[in-house]
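Participant:
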Amino acid sequence: MILSIESSCDDSSIAITRVDDYKLVYHKKISQELDHSVYGGVVPELAARLHTEALPKILEECKEYFPYLKAVAVTNEPGLSVTLLEGVMMAKALSLSLNIPIIAVNHLKGHIYSLFIEKEATMPITVLLVSGGHTQIIEATSLKDMKVIATTQDDSFGESFDKVAKMLGLGYPGGPIVAKMAMGGDENSYDLPIPLRNSPNIEFSYSGLKNAVRLVIESEHQAPNPEPLTLNPKVTSNICASFEKTAVAHLMQKLKKYFKLTRPNIFAVVGGASANIRLRGELESLCKEYNCKLLLSPLEFCSDNAAMIGRCAVEQYKIGEFTDINTLDISPRSKF
Ligand code: KG4
Ligand code: ZN
């Protein structure tokens with residue numbers, strides 16, 4: 006079995022995965038969302054401190070599996086430096102005390118392997134990764150061969166939901182809150198510009214849309230010093246609905262270009278923001294149109310978790326991809 010640790014942002018999670026059949030033997034996650042909510046975003050130092058409390062608590066629960074462990078896996082890139090360190094330090098301590106090797110896992114590869122928890126992996130596959138830090142189209146041929154085909158020039162898809170939620174005073178994380186508010190709103194209330202609509206390139210950008218939403222919020226306040234909490238709920242819902250429609254339309258417009266060019270056989274969406282119902286629905290239609298198989302990871306494994314890190318680690322274990330304890334380091338800004 007492999008014990009995996011995830012602490013790249015605001016979720017403390019540990020999983021135990023069986024190597025032979027990928028069975029997820031144990032999995033627990035303690036989320037810090039409520040702790041960061043008052044600040045409208047993740048506060049790295051607070052996140053690190055909360056990991057130091059949560060990770061040992063979870064570890065205590067899976068002590069019974071220690072005799073069966075063949076390796077310890079940990080997310081070491083990309084993520085927040087102070088929180089990545091918490092997981093890496095725990096992995097080093099376990100490696101030394103249990104005399105087992107370490108597998109350093111890339112968080113983005115982990116998200117891709119969230120598709121294959123308790124399953125064989127199917128590759129090649131084209132993946133849309135939408136999370137708080139990333140918006141990418143990735144062509145994954147194998148564990149070692151993953152190419153980023155398109156990426157965002159500025160904010161990510163999930164981040165734009167977080168920023169809109171913050172401007173509207175709705176809390177953190179913004180994705181689920183904005184999506185819920187959007188359900189009760191009229192998506193045609195505001196005519197927001199679809200980013201990079203006339204650009205022939207397959208790339209993404211969300212900062213312009215965020216600014217367009219800011220201008221709408223300011224005009225709705227009709228006051229020089231707007232207080233987010235004073236907007237009436239109907240207006241807030243309408244803004245959320247118009248924003249969500251445009252944010253998803255941008256992804257879909259660029260994906261259509263990609264589908265026309267490459268006609269993928271299998272397409273998947275992963276990452277925290279892949280929980281977005283509107284996005285899932287529109288991807289289903291696109292894949293149907295192109296006769297392409299759509300893979301979605303279960304909702305519980307869309308956001309950050311150690312089960313996906315463990316599943317990826319099994320692949321690394323099988324090819325002997327271990328990292329020396331003395332050279333293992335974090336790489337907060339790495340891509341692949
Ligand atoms: O993958 P994840 O848990 O963490 C990162 O690796 O970043 O993704 C979290 C991101 C946040 O930005 C959150 O607002 C967004 O995913 N998110 C959503 C939804 N649920 C979570 N964005 C849009 N719609 C959702 N339903
Ligand atoms: Zn993530």
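Here the sequence shown stands for residues 6 to 341, where the numbers follow this note's numbering. Think of the CB as a built atom: it goes at the ideal place given N, C-alpha and C, for glycine as much as any other residue.
With DSSP as the reference, label L304 as helix, strand or coil.
Facilitator: DSSP places L304 in helix when its eight states are reduced to three.
Participant: Give me the pocket residues for the ligand ZN, defined as CB within less than 5 Å of any heavy atom, sorted by chain position.
Facilitator: Selection output, chain order preserved: S136 and D309.
Participant: Name the residue from M313, G325, D334 and A318 whose alpha carbon lies nearest to the alpha carbon of H32.
Facilitator: Ranking the options by Cα distance to H32, first place goes to M313.
Participant: Quick one: Cα of S165 to Cα of M95, how far?
Facilitator: The straight-line gap from Cα to Cα measures roughly 33 Å.
Participant: Need the endpoints of the alpha helix (DSSP H) that D167 sits in, please.
Facilitator: Segment F162 to M172, the alpha helix (DSSP H) holding D167.
Participant: Using the three-state DSSP reduction, which class does K34 fall into: helix, strand or coil?
Facilitator: K34 falls in the strand class under three-state DSSP.
Participant: Helix or strand or just coil, what does DSSP make of M186?
Facilitator: Correct three-state label for M186: helix.
Participant: For P178, is the classification buried or exposed, using 16 other Cβ atoms within 10 angstroms of its Cβ as the cut-off for buried?
Facilitator: That one is buried.
Participant: Under 7 Å: does the beta carbon of N281 sit that close to some heavy atom of the ligand KG4?
Facilitator: Correct: N281 has its Cβ closer than 7 Å to the ligand KG4.
Participant: Please classify V253 as buried or exposed, where buried requires at least 16 neighbouring CB atoms within 10 angstroms.
Facilitator: It is buried - the Cβ of V253 has at least 16 other Cβ atoms within 10 Å.
Participant: Of the choices T131, N243 and K171, whose alpha-carbon is the least far from that of V43?
Facilitator: Looking at the Cα atoms, K171 is the closest of the given residues.
Participant: Quick one: grab the DSSP three-state call for D150.
Facilitator: In this structure, D150 counts as strand in the three-state DSSP scheme.
Participant: Just grab the DSSP bridge partners of E69 for me.
Facilitator: BP columns for E69 are empty, so no partner.
Participant: Under 7 Å: does the beta carbon of D160 sit that close to some heavy atom of the ligand KG4?
Facilitator: Flag unset: Cβ of D160 not near the ligand KG4.
Participant: Please report the distance separating the alpha-carbon of L60 from that of K28.
Facilitator: If you take the alpha carbons of L60 and K28, they lie about 22 Å apart.
Participant: Report the rounded CA-to-CA distance for F209 versus K114, giving the unit in angstroms.
Facilitator: About 20 Å.
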